Amino acid sequence: MDVTDAVLRRKSIRAFLPTPVDDDVIAELLTKASRSPSGGNVQPWRIYVINGDSMARFRTFLADREMEPAAYEIYPQGLKEPYRTSRFQNGEDLYKTIGISREDKPARFAQFAKNYDFFGAPAAIFCFVDRQMGPPQWSDLGMFLQTFMLLAQEAGLDTCPQEAWAVYEQAVSEFVGAPEELRIFCGVAIGHADWDHPINTLVTAREPLEAFATFL
Ligand SMILES: Cc1cc2nc3c(=O)[nH]c(=O)nc-3n(C[C@H](O)[C@H](O)[C@H](O)COP(=O)(O)O)c2cc1C
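Just so you know, the sequence shown maps onto residues -13 to 202 in the numbering used here.
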């Protein structure tokens, strides 16, 4: 698989098969992903892996926990156009794949809650960053994440990055043993896509080149 294939094939998967994933494979992906660039080679990513037994224990642990106020503002208040419409359309397109209407809030909520089961994935990583770090280092973390997800594609694995975990920072930190100085950014569900599930038919839209790039 070349880089273009990996970029074009990767998409967020929201229904996984229970097929296990080896820790060794995840370790290799993380090691390779650490070749990602970062300003000053600071390498601000801090990763916790849960898989197999630890995933089973995490699911039991989380069942007793309440959602917390979000650890950071996931979207800016009053998100502007055209970003607002992109976000709205994404939700509409997603729920349409599984026949949930805009009015059916309980069904939408139930689907959203599947984030907290990693959409059935057998493995996941949690990405943290030191509280001292600012936007440049968060951007480094984003590069690490995309590199990880592309390498996962190459290894025959599917992923879903999940900011939804921002409302469980305390719970996740406690479970994984993350020190107070670390802040959660996101989780990434890892596994094999259930291609029979209609939610995985979603192919998200993109703005045309002219909308985001200016050639001078
Ligand atoms: C940092 C990050 C966090 C995300 N958080 C979530 C999430 O919590 N739940 C979810 O279902 N999708 C989440 N997504 C997936 C986005 O909705 C998805 O990337 C976007 O709609 C584009 O679709 P694609 O990944 O299939 O290309 C996240 C993506 C990124 C990059």
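For glycine and all other residues, C-beta sits at the position ideal for the given N, C-alpha and C.
All figures in this text were calculated on a predicted structure; none of them were measured in a lab.
Asked: Could you tell me whether the region 105 to 118 touches the region 171 to 186, where touching means 3 or more Cβ pairs closer than 8 Å?; Found: yes
Asked: Please report how far the alpha carbon of Gln97 lies from the alpha carbon of Pro147, in whole angstroms.; Found: 16 Å
Asked: Enumerate, from N- to C-terminal direction, the unbroken beta strand (DSSP E) stretches of 3 or more residues contained entirely within the region 109 to 188.; Found: 109 to 116, 144 to 148, 168 to 179
Asked: Assuming Asp126 and Gly64 form a contact by the criterion Cβ under 8 Å, report the distance between their Cβ atoms to the nearest whole angstrom.; Found: Asp126 to Gly64, Cβ: 27 Å. No contact.
Asked: Does the beta carbon of Thr190 fall short of 7 Å from some heavy atom of ligand 1?; Found: yes
Asked: Out of Ala150, Ala110, Ile33, Glu167, which has the shortest C-alpha to C-alpha gap to Glu54?; Found: Ala150
Asked: What residues does ligand 1 have around it, judged by CB closer than 6 Å to any heavy atom, in chain order?; Found: Lys(-3), Ser(-2), Arg0, Asn76, Asn101, Cys146, Pro147, Gln148, Glu149, Ala150, Cys172, Thr190
Asked: Which of helix, strand or coil does DSSP assign to Val35?; Found: strand
Asked: From Ala56, Asp8, Gln132, Arg169, pick the residue whose C-alpha is nearest to that of Arg(-5); which is it?; Found: Gln132
Asked: What are the boundary residues of the alpha helix (DSSP H) that Phe98 is part of?; Found: 91 to 99
Asked: Nearest by alpha-carbon distance to Gln123: which of Ile176, Arg0, Arg169, Arg43 is it?; Found: Arg169
Asked: What's the C-alpha gap between Gln139 and Ala(-8)?; Found: 6 Å
Asked: Look up Leu15 in the DSSP assignment and say whether it is helix, strand or coil.; Found: helix
Asked: Where do the N-terminal and C-terminal ends of the alpha helix (DSSP H) with Lys82 fall, by residue?; Found: 69 to 83
Asked: Might you give, ordered along the chain, the residues of its own chain that have their beta carbon closer than 7 Å to the beta carbon of Val7, omitting 5 neighbours on each side?; Found: Asn37, Pro108, Ala109, Leu143, Ile176, Gly177
Asked: If you check the beta carbons only, do Phe112 and Trp31 fall under 8 Å apart?; Found: no
Asked: By DSSP, does Leu3 sit in helix, in strand, or in coil?; Found: strand
Asked: Rounded to a whole number of angstroms, what is the C-alpha to C-alpha distance between Asp180 and Ile(-1)?; Found: 8 Å
Asked: Between Leu136, Arg21, Phe201, Phe114, which has its C-alpha nearest Glu166's C-alpha?; Found: Phe114
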